[in-house]
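Single-structure report; data block below.
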Amino acid sequence: MANAAKGNGTVRVLGILTVIAGAIFVIAGAVTWGAVSANLAAEKITVSPDAAHFGNQAVNSPWTAWYQADAIKHHSLKASNNLTYAELGAAITAKQNDLKSQGMSATDIAKNTDVVTLQGQRSTVMTGSFLRSSLFTSVIAFGVALFAFGVGVVALLVGWALVRVSRPVAVTVAPQPTTADAV
Numbered sequence: 000m001a002n003a004a005k006g007n008g009t010v011r012v013l014g015i016l017t018v019i020a021g022a023i024f025v026i027a028g029a030v031t032w033g034a035v036s037a038n039l040a041a042e043k044i045t046v047s048p049d050a051a052h053f054g055n056q057a058v059n060s061p062w063t064a065w066y067q068a069d070a071i072k073h074h075s076l077k078a079s080n081n082l083t084y085a086e087l088g089a090a091i092t093a094k095q096n097d098l099k100s101q102g103m104s105a106t107d108i109a110k111n112t113d114v115v116t117l118q119g120q121r122s123t124v125m126t127g128s129f130l131r132s133s134l135f136t137s138v139i140a141f142g143v144a145l146f147a148f149g150v151g152v153v154a155l156l157v158g159w160a161l162v163r164v165s166r167p168v169a170v171t172v173a174p175q176p177t178t179a180d181a182v
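Sequential numbering of the sequence shown, starting at 0, is according to this note's numbering.
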């Protein structure tokens with residue numbers, strides 16, 4: 000019996016490259032997560048005490064950012080009598096048109112307490128919307144970091160499997176009977 004070892008160099012190289020790519024993704028995901036967390040913490044934002052979860056905790060994770068954004072939405076709507084930015088814009092326009100139809104001048108309309116109040120509410124809601132968007136951007140960044148990390152782990156496992164499969168395997172070959180053996 001003869002022994003022969005056979006391996007596949009191409010599969011091994013692909014496996015090694017996949018392991019390297021996986022390691023890069025794992026590192027990139029972890030570094031991104033850490034950077035986003037550190038930058039959020041540096042802003043010294045604290046989750047509102049009346050948030051559904053994580054009240055009074057520092058905003059430094061996707062969960063704390065999410066619940067702070069939710070608290071901001073709640074506060075913005077409360078300050079605007081449950082009107083959104085667009086609804087407040089429509090209310091301002093309607094009030095201005097109503098006052099104009101009553102013969103009020105543009106200067107007097109601009110000073111009207113109802114118009115000024117609605118514009119103040121709209122400004123508050125706009126600021127809240129900007130803050131929420133910033134917090135949601137960080138939540139998305141955390142998600143991308145986690146996705147990169149997960150892809151990296153999968154690539155590491157696939158690469159490891161390819162390297163294992165590419166290793167030479169000892170194969171025992173039985174001798175073939177010859178015609179002389181048959182006689």
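Glycine included, C-beta positions come from ideal geometry on N, C-alpha and C.
DSSP places residue 171 inside the beta strand (DSSP E), whose first and last residues are 168-172.
Nearest to residue 150 by C-alpha distance, out of 62, 23, 78, 14, is 23.
A residue is called buried when at least 16 other Cβ atoms come within 10 angstroms of its Cβ; residue 16 does not meet this threshold and is exposed.
Bridge pairing for residue 45: 57 [DSSP]. With a cutoff of 8 Å on beta-carbon distance, residue 8 and residue 154 are scored as not near each other. DSSP places residue 8 in the helix class (H, G or I) of the three-state scheme.
In the displayed model, residue 28 falls within a helix according to three-state DSSP. Of the residues assessed, residue 120 falls on the buried side of the cut-off, its CB having 16 or more other CB atoms within 10 angstroms. Between residue 94 and residue 130 a beta carbon distance of about 26 Å is seen, past the 8 Å cut, so the two are scored as non-contacting. Residue range 84-100 is occupied by the alpha helix (DSSP H) that includes residue 96.
In the structure shown, residue 74 adopts helical secondary structure according to DSSP, grouped into three states. Residue 46 holds the alpha-carbon nearest to the alpha-carbon of residue 74 among 46, 19, 178. The continuous alpha helix (DSSP H) containing residue 125 extends over residues 112-165.
The C-beta distance from residue 10 to residue 161 rounds to 6 Å, short enough to fall under 8 Å.
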